[in-house]
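K.L.:
Chains as they are written, first to last, in the working numbering: chain A, 1 to 387; chain B, 388 to 774.
Number of protein chains: 2
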Amino acid sequence: MQNFNYQTPTRLIFGKDVVESLPEVMSGFGKKILLTYGGGSIKKIGLYDKVKGLLKDFEIYELADIQPNPKYDPSVLDGVRICKENNVDVILSVGGGSVLDCSKAIAAGAKYDGDPWDLISYKVKAQAALPIVDIITLAATGSEYDPGGVISRTETNDKIGYMDSLLYPVVSFLDPTYTFTVSKKQTAAGCADAMNHIMEQYFCEDSTLLNDGFMEAGLKSLMVNAKKCLENPEDYTARAEMMLDCTYGCNGIYSLGNSPSGWPCHGMEHALSAYYDITHGEGLAIITPRWMKHILSEKTVDRFVKYGVNVFGIDANQDKFAIAEQAIDATYKFFESINIPMHLKEVGIDESRIDEMAKHVADNEGLENAWATLMQKDIADIFRASL
Amino acid sequence: MQNFNYQTPTRLIFGKDVVESLPEVMSGFGKKILLTYGGGSIKKIGLYDKVKGLLKDFEIYELADIQPNPKYDPSVLDGVRICKENNVDVILSVGGGSVLDCSKAIAAGAKYDGDPWDLISYKVKAQAALPIVDIITLAATGSEYDPGGVISRTETNDKIGYMDSLLYPVVSFLDPTYTFTVSKKQTAAGCADAMNHIMEQYFCEDSTLLNDGFMEAGLKSLMVNAKKCLENPEDYTARAEMMLDCTYGCNGIYSLGNSPSGWPCHGMEHALSAYYDITHGEGLAIITPRWMKHILSEKTVDRFVKYGVNVFGIDANQDKFAIAEQAIDATYKFFESINIPMHLKEVGIDESRIDEMAKHVADNEGLENAWATLMQKDIADIFRASL
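Below is the structure:
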């Protein structure tokens with residue numbers, strides 16, 4: 001077991017109608033709020049009007065139209081400018097993980113005199129950040145309980161996971177009813193994203209009984225509850241459980257003391273969605289079983305056996321490679337069963353830029369240090385197997 | 388799933404030699420430290436000298452001899468007096484859960500003008516508390532990651548669980564090597580305490596797949612690792628896993644969104660250790676299987692089935708009450724297998740004060756509202772079955 005230093009200071013306020021306490025929470029941080037949101041789904045479900053009504057005594061500036069795979073230009077730059085021009089006190093992010101990720105980059109940029117890309121690209125360490133409160137409307141990324149965000153820069157095909165302990169939200173509101181209207185496509189993609197967050201941590205050299213049990217529980221709960229959400233989008237209990245399942249994904253609690261894994265699927269998927277702007281969770285679901293097949297070896301097989309037996313209930317009395325193959329197959333079939341397109345071609349990606357993307361990943365993601373080493377050729381092979 | 392509001396702000400610094408960063412951590416809180424500890428085991432293992440050496444540039448006041456089931460008088464009162472007389476900035480608790488529990492009561496009392504018992508008895512809500520840092524030397528209570536402590540007042544046989552969100556430690560140092568010298572008796576009692584923390588939350592009306600999986604993992608990890616620690620007290624990995632297993636016990640993360648359980652075994656055990664000053668974990672281990680048998684009914688049986696199948700691997704293809712009985716039996720046998728005395732008589736408790744204790748519990752612990760209601764007669768029956 002490895003040494004660790006862990007703290008998640010975020011307060012989770014979870015459940016139906018919890019947003020009623022928003023004015024009280026916000027008043028702890030100041031009067032001037034930057035309200036960030038995406039393409040308008042929060043207007044459709046009435047949440048925008050609800051928030052504006054609750055915050056009628058505050059001074060609100062707005063940054064709308066934050067896109068999935070949120071963009072440095074214009075969203076982060078616009079947000080930073082609004083904060084600086086108006087001495088904003090606190091950011092309120094209302095939406096999914098992309099809105100929140102973008103808000104985190106804005107929070108750091110607003111307290112920095114130079115180009116915010118210096119921070120995101122780790123050229124400069126942030127010294128301060130605006131506090132962030134969020135109302136999360138999509139169960140997926142876990143950004144509501146972690147200090148990171150992923151920002152894309154279109155002109156360079158960069159998609160960077162930017163983490164800083166200054167960027168934990170101070171308060172996250174999670175009302176499962178706001179996820180009732182999430183489409184089947186996004187519900188499934190959110191499930192795949194959250195499952196992959198767990199798998200990225202599960203597949204490593206050294207774990208504990210406790211962490212393995214936590215992660216196996218997380219995976220099983222996600223599979224059961226995502227299916228229920230797809231069958232009945234207004235199943236409160238299933239939406240609630242799925243929401244909490246996703247929350248723990250990236251804050252590290254699943255792998256305290258574990259040896260590092262390298263998060264290889266995220267490293268690879270970042271290229272796919274940077275080059276093609278696909279849905280992150282779908283990209284992950286497509287890559288994951290191909291990555292598993294690619295790295296299956298004498299070194300890795302025991303982890304796949306544990307995963308297969310404990311998560312999918314595969315009969316343990318078989319050859320270990322047979323169990324591992326069945327576990328990988330079960331992973332693929334689960335994603336397929338929730339109607340995720342399981343080939344890159346189905347999401348508009350063909351052979352043409354595979355080598356370019358593989359080189360980009362190999363040059364930028366450090367996957368030569370992943371638990372199962374991935375060099376440029378491995379990455380290209382996994383992409384091709386995913387076509 | 389119920390609404391919840393959750394935050395654990397404590398930083399965990401975990402692993403071998405992490406205490407080296409103590410000066411840096413403490414300097415964030417001030418120069419004047421109240422160092423609290425127990426009967427001297429920290430001197431035997433060299434930790435006292437280590438801490439004094441590391442903190443040679445600080446102004447240190449000491450409160451020694453804090454007892455298991457820590458006492459209001461003299462420990463809490465003495466600690467409060469020292470803090471007030473010397474304007475102490477921060478408390479450093481070095482020892483097990485009792486030292487830390489006592490330190491929490493001192494932290495609140497030091498910032499209160501009246502009698503600290505007003506706070507502990509919830510007559511007055513604390514408005515502030517000194518920051519608390521701890522170095523934990525026993526895997527058991529989870530006090531290092533929760534906002535509560537248990538304080539005993541000898542003259543009234545009160546043993547009160549005092550909780551306040553001001554009392555989360557700001558930093559907890561957990562070095563598993565400091566638990567190498569913990570006796571077999573205390574190792575086993577710590578395991579039973581931590582297991583009971585989980586069981587208290589597991590047995591409720593309404594839980595989630597995720598929480599159940601977390602708790603089942605916690606129980607299984609505790610059983611496996613406690614046995615390893617007993618066999619080889621210097622097994623670092625086992626001591627480390629057991630330490631982390633215990634950490635999550637009481638901070639609520641195991642039951643976010645669950646319906647309340649009432650923590651009945653703790654309510655009952657508090658009377659046993661208040662009247663007889665027995666080891667808390669042993670008292671819990673003795674009561675738990677008798678409580679289980681007492682509450683087993685058509686209403687509760689399904690939880691016992693889940694517990695038996697998932698924690699002990701009991702064959703699910705049987706009558707549900709048969710599975711439940713086997714699960715209760717397995718619980719008893721596990722505690723017995725780690726050499727916990729499983730009868731009250733073995734720890735010096737006889738029939739004589741059972742009715743008095745049962746009345747005290749019924750009057751003070753609110754167990755009529757537990758998941759499985761316990762009235763005074765139920766409590767007395769459970770005590771008698773435990774003799």
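Positions of the beta carbon are idealized from the N, C-alpha and C atoms, including for glycine.
On the criterion of 16 or more Cβ atoms from any shown chain inside 10 Å, does proline 264(A) qualify as buried, or is it exposed?
P.N.:
Buried is the call here.
K.L.:
Could you check the C-alpha separation between valine 88(A) and lysine 50(A) for me, to the nearest Å?
P.N.:
Rounded to whole angstroms, valine 88(A) to lysine 50(A) spans 21 Å at the Cα level.
K.L.:
How would you call aspartate 245(A), buried or exposed, if buried means at least 16 neighbouring beta carbons within 10 angstroms?
P.N.:
That one is buried.
K.L.:
From the DSSP output, in three-state form, read off isoleucine 523(B) for me.
P.N.:
Strand.
K.L.:
With 16 as the cutoff for other CB atoms within 10 Å, does glycine 348(A) come out buried or exposed?
P.N.:
Classification for glycine 348(A): exposed.
K.L.:
Taking 8 Å as the CB-CB limit, is asparagine 392(B) close to chain A?
P.N.:
True, the Cβ-Cβ gap to chain A drops below 8 Å.
K.L.:
Considering only DSSP beta bridges, list what glutamate 446(B) is partnered with.
P.N.:
For glutamate 446(B), which the question treats as bridged, DSSP gives the partners Lys419(B).
K.L.:
If you draw a straight line from the alpha carbon of aspartate 164(A) to that of aspartate 742(B), how long is it in whole angstroms?
P.N.:
Looking at the two C-alpha atoms, the distance is approximately 57 Å.
K.L.:
Whole angstroms is fine: what's the gap from methionine 593(B)'s alpha carbon to valine 611(B)'s?
P.N.:
As written in the sequence, residue 593(B) is aspartate, which differs from the methionine given in the question. Their Cα atoms are separated by approximately 27 Å.
K.L.:
Short check: CB of threonine 718(B) to CB of asparagine 583(B), under 8 Å?
P.N.:
Result no, Cβ atoms of threonine 718(B) and asparagine 583(B) do not sit closer than 8 Å.
K.L.:
Is phenylalanine 590(B) near the ligand SAH, in the sense that its beta carbon is under 7 Å from a heavy atom of that ligand?
P.N.:
Looking for the ligand SAH in the displayed structure turns up nothing, as the structure carries no ligands at all.
K.L.:
Can you name the start and end residues of the alpha helix (DSSP H) that glutamine 186(A) belongs to?
P.N.:
Counting along the chain, the alpha helix (DSSP H) containing glutamine 186(A) begins and ends at 184–202.
K.L.:
Tell me which residues share the same chain as alanine 436(A) and place their Cβ nearer than 7 Å to its Cβ, disregarding the 5 neighbours each side in the sequence.
P.N.:
Residue coverage of chain A in this structure runs from 1 to 387, which leaves residue 436(A) outside it and unanswerable.
K.L.:
By the three-class DSSP mapping on this structure, what secondary structure does aspartate 488(B) have?
P.N.:
If DSSP states are grouped into helix, strand and coil, aspartate 488(B) belongs with the helices.
K.L.:
Return the residues of the region 219–247 of chain A that lie within a Cβ-Cβ distance of less than 8 Å from chain B, sorted by chain order.
P.N.:
Hits within the stretch, in order: Lys220, Ser221, Val224, Asn225, Tyr236, Thr237, Ala240, Glu241, Leu244, Asp245.
K.L.:
Please determine, among Asn756(B), Ile701(B), Ser773(B), Ala749(B), the residue with the shortest C-alpha to C-alpha distance to glutamate 733(B).
P.N.:
Ranking Asn756(B), Ile701(B), Ser773(B), Ala749(B) by Cα distance to glutamate 733(B) puts Ser773(B) first.
K.L.:
What residue from Ser259(A), Ser172(A), Gly148(A) has the CA that sits closest to serine 93(A)'s CA?
P.N.:
Measuring from the Cα of serine 93(A), the nearest candidate turns out to be Ser172(A).
K.L.:
DSSP beta-bridge partners for isoleucine 547(B)?
P.N.:
Isoleucine 547(B) pairs with Ile538(B).
K.L.:
Counting only C-beta atoms, is arginine 392(A) closer than 8 Å to chain B at any point?
P.N.:
With chain A running from 1 to 387 in the structure shown, residue 392(A) is simply not present.
K.L.:
What does leucine 12(A) reach in chain B if we use C-beta pairs closer than 8 Å?
P.N.:
Under the 8 Å cutoff, chain B gives Phe391, Asn392, Tyr393, Gln394, Leu643.
K.L.:
Applying the criterion that 16 or more other CB atoms from any shown protein chain within 10 Å of the CB defines a buried residue, is alanine 217(A) buried or exposed?
P.N.:
It counts as buried.
K.L.:
Please state the DSSP three-state secondary structure of valine 438(B).
P.N.:
Three-state result, valine 438(B): helix.
K.L.:
Under 8 Å Cβ to Cβ from threonine 524(B), same chain only, skipping five residues before and after it: list those, please.
P.N.:
Here the set comprises Ser428, Ile429, Ile432, Leu434, Val481, Gly482, Gly483, Tyr565, Thr566, Val569.
K.L.:
DSSP three-state call for threonine 634(B): helix, strand or coil?
P.N.:
Looking at threonine 634(B) - three-state DSSP - the assignment turns out to be helix.
K.L.:
Any beta-carbon of chain B closer than 8 Å to the one on threonine 208(A)?
P.N.:
Chain B, which has a Cβ nearer than 8 Å to the Cβ of threonine 208(A), makes this yes.
K.L.:
If you drop the 5 nearest sequence neighbours on each side, which residues of the same chain put their C-beta closer than 7 Å to that of leucine 334(A)?
P.N.:
With the sequence shown as reference, residue 334(A) is identified as phenylalanine, and leucine is not the correct amino acid for it. Taken in chain order, the residues that qualify are Met223.
K.L.:
Is there a Cβ of chain B sitting closer than 8 Å to that of methionine 1(A), yes or no?
P.N.:
Yes, its Cβ sits closer than 8 Å to a Cβ of chain B.
K.L.:
Looking only at its chain, what residues have a beta carbon closer than 6 Å to the beta carbon of tyrosine 168(A), apart from the 5 residues adjacent to it on each side?
P.N.:
Excluding positions up to five away in sequence, the list reads Pro9, Thr10, Pro147.
K.L.:
On the criterion of 16 or more Cβ atoms from any shown chain inside 10 Å, does alanine 709(B) qualify as buried, or is it exposed?
P.N.:
That one is exposed.
K.L.:
Hey, quick one: how far does the beta strand (DSSP E) through glutamine 394(B) stretch, first residue to last?
P.N.:
Glutamine 394(B) -> beta strand (DSSP E) spans 391–401.
K.L.:
Would you tell me roughly how many angstroms separate the C-alpha atoms of aspartate 768(B) and asparagine 645(B), rounded to the nearest one?
P.N.:
Each residue's Cα considered, the two are about 28 Å apart.
K.L.:
Closer than 8 Å by beta-carbon distance: list the chain B residues that pair up with glycine 213(A), in chain order.
P.N.:
Ordered by position in chain B, the residues that pass the 8 Å Cβ test against glycine 213(A) are Gly600, Phe601, Glu603, Ala604, Gly605, Lys607, Ser608.
K.L.:
According to DSSP, simplified to helix, strand and coil, what is phenylalanine 383(A)?
P.N.:
In this structure, phenylalanine 383(A) counts as helix in the three-state DSSP scheme.
K.L.:
Would you check if the distance between the CB atom of leucine 130(A) and the CB atom of isoleucine 82(A) is smaller than 8 Å?
P.N.:
The answer is no: Cβ separation not under 8 Å.
K.L.:
In angstroms, rounded to a whole number, what distance separates the CA positions of glycine 670(B) and serine 739(B)?
P.N.:
Spanning the two alpha carbons is a distance of roughly 17 Å.
K.L.:
Glycine 402(B) CB to nearest chain A CB: under 8 Å?
P.N.:
Taking Cβ atoms only, chain A reaches closer than 8 Å to glycine 402(B), which makes this a yes.
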